[in-house]
Amino acid sequence: MLAVRELELDLDAFEGPFDLLLSLVLREELPLQEVDLAEIIIAFVEHLDGRGELDLDACGEFLVLISALLELKARAMFPEEEAELAELEPEEAAEELARRLAEYRRAKEAANWLRERLDDRRDLFFRIGPAPLAPKAERKLAQQDPEKLAGALRLLAVEPPEPSTGHMALRFPPVSQFLDRWRTLLRRRARFDFDQEVAGLSRVEIAVAFLALLELRKQNEIAIAQAAPFAPIRISRADAERSLSWNVRSA
Amino acid sequence: MERPLRLIPTEVTPAAELARTLEALLVVASQPLPVAELSAAAQAAAAEIEQALEVLGERFAEGSSGIVLEHVAGGYAFRASAAATEACARLFEKPVEKGLSQAALETLAIVAYLGPVTRPEITRIRGVNVDGVIAGLAERGLIAEGGRENEFGAIRYRTTPLFERIFGLESLAALPRVDDLGDDVAQIRERLETVAEKRPA
Numbered sequence: 010m011l012a013v014r015e016l017e018l019d020l021d022a023f024e025g026p027f028d029l030l031l032s033l034v035l036r037e038e039l040p041l042q043e044v045d046l047a048e049i050i051i052a053f054v055e056h057l058d059g060r061g062e063l064d065l066d067a068c069g070e071f072l073v074l075i076s077a078l079l080e081l082k083a084r085a086m087f088p089e090e091e092a093e094l095a096e097l098e099p100e101e102a103a104e105e106l107a108r109r110l111a112e113y114r115r116a117k118e119a120a121n122w123l124r125e126r127l128d129d130r131r132d133l134f135f136r137i138g139p140a141p142l143a144p145k146a147e148r149k150l151a152q153q154d155p156e157k158l159a160g161a162l163r164l165l166a167v168e169p170p171e172p173s174t175g176h177m178a179l180r181f182p183p184v185s186q187f188l189d190r191w192r193t194l195l196r197r198r199a200r201f202d203f204d205q206e207v208a209g210l211s212r213v214e215i216a217v218a219f220l221a222l223l224e225l226r227k228q229n230e231i232a233i234a235q236a237a238p239f240a241p242i243r244i245s246r247a248d249a250e251r252s253l254s255w256n257v258r259s260a
Numbered sequence: 002m003e004r005p006l007r008l009i010p011t012e013v014t015p016a017a018e019l020a021r022t023l024e025a026l027l028v029v030a031s032q033p034l035p036v037a038e039l040s041a042a043a044q045a046a047a048a049e050i051e052q053a054l055e056v057l058g059e060r061f062a063e064g065s066s067g068i069v070l071e072h073v074a075g076g077y078a079f080r081a082s083a084a085a086t087e088a089c090a091r092l093f094e095k096p097v098e099k100g101l102s103q104a105a106l107e108t109l110a111i112v113a114y115l116g117p118v119t120r121p122e123i124t125r126i127r128g129v130n131v132d133g134v135i136a137g138l139a140e141r142g143l144i145a146e147g148g149r150e151n152e153f154g155a156i157r158y159r160t161t162p163l164f165e166r167i168f169g170l171e172s173l174a175a176l177p178r179v180d181d182l183g184d185d186v187a188q189i190r191e192r193l194e195t196v197a198e199k200r201p202a
């Protein structure tokens with residue numbers, strides 16, 4: 010990771026690592042008004058560009074630090090307008106800022122301490138791993154009647170009920186039912202519309218009704234006509250069709 | 002009548018016997034053993050255990066033994082002597098601490114000082130997203146989940162005994178005092194307030 014605080018700066022007012030600049034600013038040994046923050050941003054962006062890859066962690070860290078500096082500088086430069094700059098009371102804001110910077114510095118110092126500690130112990134080897142399992146505590150169970158166990162098992166040994174497959178069966182009405190229906194209908198009317206007659210029936214019933222039609226057609230009892238694919242299917246009595254065609258021819 | 006020549010006294014004092022038992026326990030253990038556990042296993046009083054540990058500490062000391070007894074992570078454990086480092090390094094890795102980044106150490110420091118602490122709290126202090134770092138530290142076994150925050154149920158993290166072991170800390174109390182680290186918050190606040198005061202009312 011790109012260490013933001015090790016970023017080398019070469020400014021008019023300051024030359025050295027970013028980290029040192031932060032320390033000097035916080036100790037008020039370097040007036041922030043004299044520091045060109047834009048130069049720092051440019052230095053960081055150039056450094057980032059030189060690396061050829063985007064380090065989001067470093068960018069985030071830099072953003073936090075530079076925005077803290079910008080806020081500090083703004084406070085110092087435009088004291089009158091400051092109240093409009095922040096929602097917090099200036100004293101609160103300053104306190105919050107100080108707290109955050111101090112907190113961050115502490116975390117950083119603690120990290121440095123840990124690093125040194127780690128370096129001290131770098132050369133020491135020891136066994137690490139999960140502890141061997143502790144022996145399980147012996148559990149004393151009360152005397153039990155074997156018949157009780159048998160009883161419990163018997164309850165489990167009952168044959169389970171046969172699972173119902175009723176919902177899986179497709180109910181096909183007999184074709185004959187529709188044969189009768191169509192014949193009855195044709196006795197009353199010379200022709201009818203299939204879709205109208207089967208409206209409200211289930212898919213399976215419609216299919217069986219259609220099979221019945223084919224059966225009637227095979228036995229030459231009816232004529233089936235359809236003007237175009239998916240157009241209504243018209244059914245007429247075979248003799249009616251004949252008479253119609255005869256009428257047409259005779260016309 | 003011929004008697005066998007005895008050069009080594011075979012009699013063992015109870016204290017020496019206890020020291021041997023502790024040696025045995027420590028050689029089996031892969032984690033530091035607290036006095037309470039040693040006491041329960043060896044069936045001896047804590048005071049006797051501590052006395053025996055003192056004897057062992059002298060015997061297993063840097064410079065006089067390849068095995069060194071150390072007081073770490075709230076317990077006692079054996080480690081290799083510093084003199085054996087090179088030989089150990091030829092045979093063993095140190096996977097837990099290998100390649101810990103600055104970001105990881107800062108996060109670890111925050112967890113060690115403020116733990117149990119939630120991810121958003123760490124993020125606020127470090128100013129960057131710490132999800133990846135947290136996952137890495139948990140995978141290394143240096144931090145672990147330690148309960149949840151009451152209000153929003155965010156997971157809290159704390160350092161593990163392994164963290165203390167790796168960093169050679171007797172306990173978290175062995176960390177330097179917060180006040181000794183970095184700038185004093187009161188000091189910084191004072192300076193900032195001075196800046197604020199320059200502002201006309």
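Chains as they are written, first to last, in the numbering used here: chain A, 10 to 260; chain B, 2 to 202.
All C-beta atoms in this analysis are idealised placements derived from N, C-alpha and C, irrespective of residue type, glycine included.
Interface residues of chain B facing A:Ile-50 [CB-CB closer than 8 Å]
In chain order: nothing, as chain B lies at least about 16 Å away.
Counting only the same chain and skipping the five closest in sequence on each side, list residues whose C-beta sits under 6 Å from that of B:Ile-111.
Ile-123 and Ile-126
Give me the Cα-Cα distance between A:Ile-137 and A:Glu-70, rounded to the nearest whole angstrom.
34 Å
DSSP state of A:Gly-25, grouped into three classes?
strand
If you pair each beta-carbon of the segment 128–136 of chain B with each one of the segment 100–110 of chain B, do three or more pairs fall below 8 Å?
yes
At which residues does the alpha helix (DSSP H) containing A:Gln-235 begin and terminate?
A:Gln-235 -> not in any alpha helix (DSSP H); beta strand (DSSP E) instead, spanning 231–235.
Cβ separation of B:Val-36 and B:Glu-51, assumed to be a contact under 8 Å, to the nearest whole Å
6 Å
Can you look up B:Pro-201 in the DSSP assignment and give me helix, strand or coil?
With a pLDDT of only 46 at B:Pro-201, under the threshold of 50, the placement of this residue in the model should not be trusted, and no figure is reported.
Within 8 Å of any Cβ in chain B, is that where the Cβ of A:Leu-29 sits?
no
With a threshold of 16 other CB atoms inside 10 Å of the CB of A:Asp-66, please say whether the residue is buried or exposed.
buried
Could you give the first and the last residue of the continuous beta strand (DSSP E) run that contains A:Ser-245?
242–246
Under 9 Å by beta carbon: chain A residues contacting B:Ala-78:
Phe-135 and Arg-136
By the 8 Å beta-carbon criterion, what residues does the segment 110–123 of chain B contribute toward chain C?
Although the question refers to chain C, the structure presented lacks it and instead comprises the protein chains A and B.
Where B:Leu-109 and B:Leu-143 are concerned, what is the direct C-alpha to C-alpha distance, given to the nearest angstrom?
8 Å
Buried or exposed by the 16-neighbour rule on C-beta atoms within 10 Å, applied to B:Gln-32
buried
If you draw a straight line from the C-alpha of A:Leu-63 to the C-alpha of A:Val-54, how long is it?
10 Å
Counting Cβ pairs, one atom from each stretch, are 3 or more of them under 8 Å apart for the segment 147–159 of chain B and the segment 113–123 of chain A?
no
Checking the sheet assignment: what are the DSSP bridge partners for B:Thr-160?
B:Ile-144
What are the residues in the segment 63–88 of chain A lying within 7 Å of chain B by C-beta distance?
Asp-66, Gly-69, Glu-70, Val-73, Arg-84, Ala-85 and Pro-88
If you measure from the beta carbon of A:Lys-117 to each beta carbon in chain B, is any gap under 8 Å?
yes
Proximity below 8 Å, CB of B:Tyr-77 to CB of B:Leu-19:
no
Identify whether B:Ile-126 lies in helix, strand or coil by the three-state DSSP scheme.
helix
One or two residues paired with A:Gly-160 in a DSSP bridge
For A:Gly-160, which the question treats as bridged, DSSP gives no partner whatsoever.
Does the Cβ-Cβ distance between A:Phe-203 and A:Pro-241 come in under 8 Å?
yes
For A:Leu-127 and chain B, any beta-carbon pair shorter than 8 Å?
yes
Range of the contiguous beta strand (DSSP E) that encloses A:Glu-17
17–19
Using only the alpha-carbon positions, how far apart do A:Leu-39 and B:Thr-86 sit?
47 Å
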